[in-house]
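Here the numbering used here is used: the first residue of the sequence shown is 3, the next is one more, and so on.
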Amino acid sequence: MEKTRIIVDCDTGLDDAVALILAAKHPALQLDSITVVAGNQTLDKTLYNTLSVCQLLGIDVPVYGGCDRPLVRSAVNAGEVHGESGLGDIVFPPLKKKAEGKHAVLHLVDTLLASDGDITLIPVGPLTNIAMAMRLQPAIVPKIRRIVLMGGAYGFGNVTPAAEFNIFADPEAASVVFSSGADIVMVGLDVTNKTAPDMEKVERIEKLCNPASKLCGGILRFLLRNNQEIDGPAAGAMHDGTAVSFAACPELFSVKEMQVEIDLSHGPCYGRTVCSEKGKPNALVVTGVDYEKLWQLMADTIALYGE
Ligand code: RIB
Ligand code: CA
3 MEKTRIIVDC DTGLDDAVAL ILAAKHPALQ LDSITVVAGN QTLDKTLYNT
53 LSVCQLLGID VPVYGGCDRP LVRSAVNAGE VHGESGLGDI VFPPLKKKAE
103 GKHAVLHLVD TLLASDGDIT LIPVGPLTNI AMAMRLQPAI VPKIRRIVLM
153 GGAYGFGNVT PAAEFNIFAD PEAASVVFSS GADIVMVGLD VTNKTAPDME
203 KVERIEKLCN PASKLCGGIL RFLLRNNQEI DGPAAGAMHD GTAVSFAACP
253 ELFSVKEMQV EIDLSHGPCY GRTVCSEKGK PNALVVTGVD YEKLWQLMAD
303 TIALYGE
């Protein structure tokens, strides 16, 4: 099977860590590199967390630090969900893995320009790095095979009634990306909120007894324990892992072509992904997923860390 070459752009975060676990090992994916952005926590923390996950699990790909603040708005974070560290109560051994010296935006530009147009970008945090790369070098847009992003919602948001965190954290960046003409798949809350595990699934993962299953189990338990009040039944949702799973197995999902515009008005709808089936389509919006098969994909992929 030909592997899909991917670059994950993340703000590691708890569900970002699970996305990295899947991206690094799923047999349909070839993880080229990882770029990191501020979002769930400040860039120093999201970069530390990304490097620590890679070091712990032997994910031997280059990691690039990117933008430490949004394009225009003031920075926000999701510490109430992901904790002060950005990875809950997970403790890692002393960090030895180093980030690359090159800025993530320059890495994205150089890698995409040098490619055959075979790279799928999987942004699972604010879109600041992606937007900056597009503005720095517009010639990268036709070189992007597809952007499968976790963000937005055609229904309610999770930061405000209108806006989902990744978009809310940098709406101007999202507007640049959604208006770029790139082939975009939007994996939004409408589907990801329905991916939260029950304890049977947590225990199924933990019984795999390898470093990835232990890390994933700890993440899921932290999310389930700490986010019921904030997220209710969506606590523990695999927002970012769902985007990676789409890139690996799109057949598990249903999609609709929609026009997606970003509300940049500075009112209650700031950062809303305004989705319409009537406008000129600029994105495939995910509308459904086979929940059991999604969790089977995650379990099967995590099991590969024990081989
Ligand atoms: O709204 C969910 C998104 O916000 C996820 O990417 C999570 O990691 C946070 O960044
Ligand atoms: Ca994220």
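For every residue, glycine included, the Cβ atom is placed at its ideal position computed from N, Cα and C.
For clarity, every value in this text was computed on a predicted model and none was experimentally measured.
- The stretch 29-40 makes contact with the stretch 122-134: 3 or more CB pairs, one atom from each, lie closer than 8 Å.
- Cα atoms of proline 283 and valine 246: separation of roughly 23 Å, rounded to the nearest angstrom.
- Straight through space, the alpha carbons of threonine 44 and aspartate 70 are spaced by roughly 7 Å.
- Two segments are said to touch when three or more pairs of C-beta atoms, one from each, lie closer than 8 Å; by this definition the stretch 50-63 does not touch the stretch 296-306.
- Taking C-alpha positions only, glutamate 205 is separated from threonine 14 by approximately 23 Å.
- As the crow flies, the alpha-carbon of glycine 41 is around 12 Å from that of leucine 16.
- Distance from the Cα of methionine 240 is smallest, within the candidate group Val65, Pro72, Val291, for Val291.
- Rounded to whole angstroms, the separation of the alpha carbons of leucine 108 and arginine 137 is 11 Å.
- If you look at phenylalanine 255, you'll find it in the beta strand (DSSP E) that goes 255-264.
- Between ligand 2 and aspartate 185, a heavy atom-to-CB distance of less than 7 Å is absent.
- Annotation: leucine 266 to alanine 164 spans about 12 Å, alpha carbon to alpha carbon.
- For serine 181, the three-state secondary structure derived from DSSP is coil.
- Cβ atoms of alanine 285 and methionine 188 come within 8 Å of each other, at about 5 Å.
- If you draw a straight line from the Cα of asparagine 228 to the Cα of valine 83, it is about 8 Å long.
- Boundaries of the alpha helix (DSSP H) around aspartate 192: 191-194.
- Around the beta carbon of glutamate 166, a 10 Å sphere encloses 16 or more other beta carbons of the protein chains shown; the residue is thus reported as buried.
- Apart from the 5 residues on each side of it in sequence, leucine 225 sits with its Cβ closer than 7 Å to the Cβ of Leu16, Ala237, Gly238 in its chain, given in chain order.
- In the DSSP assignment, isoleucine 36 falls within the unbroken beta strand (DSSP E) covering 31-38.
- Only exposed fits histidine 268, as fewer than 16 other CB atoms lie within 10 angstroms of its CB.
- For ligand 1, a non-hydrogen atom lies closer than 7 Å to the CB of aspartate 13.
- Using a cutoff of 7 Å, the CB of glycine 81 does not count as near ligand 2, since none of the ligand's heavy atoms is closer than that.
- The C-alpha of asparagine 195 is placed about 13 Å away from the C-alpha of glutamine 230.
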